[in-house]
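What follows is a single structure, written as structure tokens, with notes after it.
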Amino acid sequence: MSRTEPRRGRGQRANQATPSRSGARFEVTGVVQGVGFRPFVHRLATELGLDGVVGNDSTRVFIDAAGSPAALDGLARRLVSDAPPLARVAEVRRHPLPPAGVARGFRIVESETRDGARTLVPPDCAVCDDCLAELHDPDDRRFGHPFITCTNCGPRFTIIHGLPYDRAATTMAGFEMCDRCRTEYEDPTDRRYHAQPIGCHGCGPKLRLDPAAPLLGAVEGAAALLDGGDVVAIKGLGGFHLACDATSDEAIAALRERKHRPEKPFAVMVADVEQARRLAHVSDVEAEQLGSPARPVVLLRAVGDVVSELVAPGNPLIGVMLPSTPIHHLLLDGTDRVLVMTSANVSGEPLATCDTDPRLGPLCDAVLTHDRPIEVPCDDSVVRLAGSTLLPVRRARGFAPLPVPLTTGSRPVLAVGGELKNAFCLADGGRAWLSQHLGDMENLPTLDAFERTVEHLAGLYDLTPAVVAVDAHPGYSTSRWARRSHPDRIVEVQHHHAHIAAVMAEHECDPAVPVIGFAFDGTGYGHDGTIWGGEVLVASAARADRVRHLQPVQLPGGDGAVRHPCRIALSHLAAAGVAWDPDLPPVVAVGDDTELLRRQLDRGVACVPTTSMGRLFDAVASLLGLRHEIGYEAQAAIDLEIAAARASGPPPAYAFGLDGEAFDQRPVLRAIVDDLRAGVPVDDIANGFHDAVVDAIAQLAIELRSDGA
Ligand SMILES: [Zn+2]
Ligand SMILES: [Zn+2]
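Residue numbers for the sequence shown follow our numbering, so the first one is 581 and each next one is one higher.
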């Protein structure tokens, strides 16, 4: 972020008693459209007694102002310090302007389009307090209006299909404003001045329940169905949620069956922080996140037994979010309802955004929907707090498409991302736009959503990629898509180098200065054709040297083995020279297949060597008897973390072997087997294992640093 400091001419210094009239043009870039920036400037300039105009085009907000030098300096300062809540000012440039050409009074001028770097599209934002007060005020004309919004809140990214941000460039284009709404829209002093999504009961989108409930409004009808145990699809900002009563075992069991999602935890929605405290411990920072404009799902430590065990089976955490749209508020405010809210999709597919999506019907008993189209799908974001540090787990609604600043310029690049939990990145000059989380690319609907989202984002910012970066894995759908559509611009990037370069960008490291990077992961295609995932790289943005890695073991059955931690455990035990004795849990779990597996490992048939840290966590989880088969990605590692968190005894000390290029897990596995046989509690062993990984990171970092790496 940089700002041009206000300057004062020499002549003014000599003439302070009677300030002369001077002029300036300001250019403001960042998230400055669709957030009430021009009316804010209008109010500020009027208050400061300045003359001039404020306008915007697709690249910036510009202000031509004339008045006293002090007022101009005040404007420069307060453009940043007093900006509206949703604005993010990246830069204010100030240029001299002859004051004579500036007419008296202050006006807002129309938007213009213009070539060049675009202004930033704001993310979607939860209903603001002012709108919420009106929503619940029986005397307000928008009392109970399910689409209430203003310049400080509401949908943005998911309704915008072009810039500059005007009603015609949104999915509100088809709704003709009534006279009262238009008056607000055109009044610079109104909170709804140029709020593109505004409407009212008369002219805005219409909510409906399908099938309609006799004698009840759409919201009341949906509430009655939910209270009765039905599954209702609810149209949100970036797609449909499936909702059901989180206190009902039957309702959740039915939802899990329909979604083909037997065990993976669901998030829940409650009216407010007070209601959230019935379900979980909520610290002050967690409460702040719950109520933030992005309204992410916050992972909290569960308490009590208000919700069904089926919400997050066996998991001490619960994902909680607060209402983000007026529809959610109408369903929940003033009630103690706890609703499961999960994306309306079949496991692994993109979420449904359209009423006519044929996948929607079989998933629910009724649909609470409306006629404002969704331009792009956008899932809920998920965050977790470690103390006061925010850990984004999934970055989507409320955050996308805000860019990450890059410390060097570049040609336009499209980086297409990986296979699972895909998000792509578009970069140009000093910014990297990350897409919202899109999902697993192995199925066709997700790949379609990927293609549409690339087009949407590239179109918004008018970017044509000169380089298309793909994962080195030859089988990834995204890589194949890129090779088909941009065959002449492909650059291959190793998976873990990409992870480390991304962290460097996030922390604004100098891209030319190498770092010691730890990439601990499930699966990533290595330069040698094996599966990497426990890698230490000395890496700059441009190159990476693999300096350490886990001791490789055979992955029997390749990528498919990830569903069977017990088979991975036996492979790890074999590598560590531990006999497959029947007292060890994974030996029991593999059962009759043990001999087959032994032959497979001996001959290396259909085996791929791997240095994956994820598979080591799987192996230890199975060895401790916690999880032998998984129903969703990372389930065994999650169980291991849960066990470690439960530990009450002192953690046993385990140590990786640190000789040579491999940091060797085999001594850790042998020691764990000994402790297991000695009756050390499983939770304590899990805790000790985590500590050993942490120690290995610290020791390797120190060692590599002193090597001059
Ligand atoms: Zn509002
Ligand atoms: Zn209206």
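Note that the Cβ used here is the ideal one computed from N, Cα and C, for glycine as well.
Output the distance between the C-alpha atoms of residue i and residue j, rounded to the nearest integer angstrom.
{"i": "Asp1287", "j": "Ile1096", "result": "11 Å"}
{"i": "Ala1156", "j": "Asp1108", "result": "23 Å"}
{"i": "Arg875", "j": "Ala867", "result": "11 Å"}
{"i": "Thr1174", "j": "Gly1113", "result": "26 Å"}
{"i": "Ala597", "j": "His622", "result": "At Ala597 the pLDDT is 45, less than 50, meaning the model places this residue with poor confidence and gives no usable figure here."}
{"i": "Ala1278", "j": "Asp864", "result": "31 Å"}
{"i": "Pro534", "j": "Ala1169", "result": "Outside the displayed range of the chain (581 to 1289) lies residue 534, so it cannot be described from this structure."}
{"i": "Glu585", "j": "Asp1042", "result": "The predicted model places Glu585 with a pLDDT of 41, which falls under 50 and marks its position as unreliable; any figure quoted below should be read in that light. Taking the straight line joining both Cα atoms gives about 31 Å."}
{"i": "Arg587", "j": "Ser602", "result": "Confidence in Arg587 is poor, its pLDDT being 44 and thus under 50, which makes the residue's placement unreliable; the coordinate value appears in the next sentence. Taking the straight line joining both Cα atoms gives about 12 Å."}
{"i": "Asp631", "j": "Leu677", "result": "12 Å"}
{"i": "Ala1235", "j": "Val1248", "result": "6 Å"}
{"i": "Ala792", "j": "Thr933", "result": "20 Å"}
{"i": "Phe1269", "j": "Arg1226", "result": "14 Å"}
{"i": "Ala1281", "j": "Pro1232", "result": "23 Å"}
{"i": "Ala1272", "j": "Asp825", "result": "42 Å"}
{"i": "Phe755", "j": "Phe642", "result": "29 Å"}
{"i": "Asp1172", "j": "Arg1178", "result": "11 Å"}
{"i": "Phe617", "j": "Pro664", "result": "7 Å"}
{"i": "Gly1237", "j": "His1077", "result": "24 Å"}
{"i": "Thr751", "j": "Thr1191", "result": "48 Å"}
{"i": "Pro619", "j": "Thr769", "result": "7 Å"}
{"i": "Gly591", "j": "Val634", "result": "With a pLDDT of 41 at Gly591, under the threshold of 50, the modelled position of this residue cannot be trusted; read the value that follows with caution. Rounded to the nearest angstrom, the two C-alpha atoms are 27 Å apart."}
{"i": "Val1185", "j": "Gly1137", "result": "8 Å"}
{"i": "Asp662", "j": "Val877", "result": "29 Å"}
{"i": "Ala523", "j": "Asp959", "result": "Summary: the structure shown does not reach residue 523, with the chain confined to residues 581 through 1289, and so no result is reported for it."}
{"i": "Tyr1212", "j": "Glu843", "result": "8 Å"}
{"i": "Ser961", "j": "Gly685", "result": "44 Å"}
{"i": "Met581", "j": "Thr699", "result": "Because Met581 carries a pLDDT of 39, less than 50, the predicted location of this residue cannot be relied on, and no value is offered for it."}
Tell me whether residue i counts as near ligand 1, meaning its Cβ is closer than 7 Å to at least one heavy atom of that ligand.
{"i": "Thr729", "result": "yes"}
{"i": "Val1116", "result": "no"}
{"i": "Asp913", "result": "no"}
{"i": "Asp710", "result": "yes"}
{"i": "Asn732", "result": "yes"}
Going by the C-beta, is residue i closer than 7 Å to any heavy atom of ligand 2?
{"i": "Gly779", "result": "yes"}
{"i": "Arg623", "result": "no"}
{"i": "Cys934", "result": "no"}
{"i": "Arg858", "result": "no"}
{"i": "Gly784", "result": "yes"}
{"i": "Met757", "result": "yes"}
{"i": "Arg952", "result": "no"}
{"i": "Arg772", "result": "no"}
{"i": "Arg760", "result": "yes"}
Return the Cβ separation of residue i and residue j in integer angstroms, given the expectation that the two are a contact with Cβ distance under 8 Å.
{"i": "Leu1204", "j": "Ile1265", "result": "6 Å"}
{"i": "Arg1195", "j": "Leu1135", "result": "7 Å"}
{"i": "Pro1045", "j": "Leu994", "result": "4 Å"}
{"i": "Arg1292", "j": "Val886", "result": "Outside the displayed range of the chain (581 to 1289) lies residue 1292, so it cannot be described from this structure."}
{"i": "Gln613", "j": "Tyr745", "result": "4 Å"}
{"i": "Pro785", "j": "Arg952", "result": "4 Å"}
{"i": "Glu955", "j": "Ile739", "result": "5 Å"}
{"i": "Arg1069", "j": "Val1047", "result": "5 Å"}
{"i": "Cys733", "j": "Cys708", "result": "4 Å"}
{"i": "Gly534", "j": "Val669", "result": "An answer regarding residue 534 cannot be provided, because it is not within the stretch 581 to 1289 covered by the chain."}
{"i": "His1079", "j": "Ala1092", "result": "With a Cβ gap of about 19 Å, His1079 and Ala1092 do not count as contacting."}
{"i": "Ala813", "j": "Cys711", "result": "About 24 Å; that fails the 8 Å criterion."}
{"i": "Gly980", "j": "Pro702", "result": "Note that residue 980 corresponds to Ala in the displayed sequence, not to Gly. Not really, about 10 Å apart at Cβ, beyond 8 Å."}
In the DSSP assignment, what residue or residues form a beta bridge with residue i?
{"i": "Gln1134", "result": "Pro1189"}
{"i": "Phe606", "result": "Ile643 and Arg674"}
{"i": "Tyr1105", "result": "Ile1111"}
{"i": "Gly901", "result": "Just to set this straight, residue 901 is Met in the shown sequence, not Gly. Beta-bridge pairing links Met901 to Met849."}
{"i": "Met921", "result": "Ala823 and Ala847"}
{"i": "Arg668", "result": "Val611"}
{"i": "Phe1100", "result": "Gly1114"}
{"i": "Arg1126", "result": "Leu1117"}
{"i": "Asn636", "result": "Val641"}
Measuring only from the beta carbon, is residue i closer than 7 Å to any heavy atom that is part of ligand 3?
{"i": "Val707", "result": "By its list of ligands, the structure shown excludes ligand 3, since it contains just ligand 1 and ligand 2."}
Report the residue ranges of all beta strand (DSSP E) runs contained in full by the region 777 to 827; include only those spanning at least 3 residues, in chain order. 787 to 790, 812 to 815 and 820 to 825
Write down every uninterrupted run of the beta strand (DSSP E) in the region 984 to 1053 whose length is 3 residues or greater and which is fully enclosed by it, in chain order.
As far as the region 984 to 1053 is concerned, its whole beta strand (DSSP E) runs of at least 3 residues are 993 to 995, 1005 to 1008, 1011 to 1014 and 1047 to 1051.
field: Contiguous beta strand (DSSP E) assignments of at least 3 residues, all confined to the region 918 to 963
entry: 919 to 923 and 946 to 950
Entirely within the region 1132 to 1183 and at least 4 residues each: give me those alpha helix (DSSP H) ranges in chain order. 1145 to 1155, 1165 to 1170 and 1174 to 1183
Unbroken alpha helix (DSSP H) runs of length 4 or more, entirely within the region 849 to 873: which are they?
853 to 856 and 864 to 870
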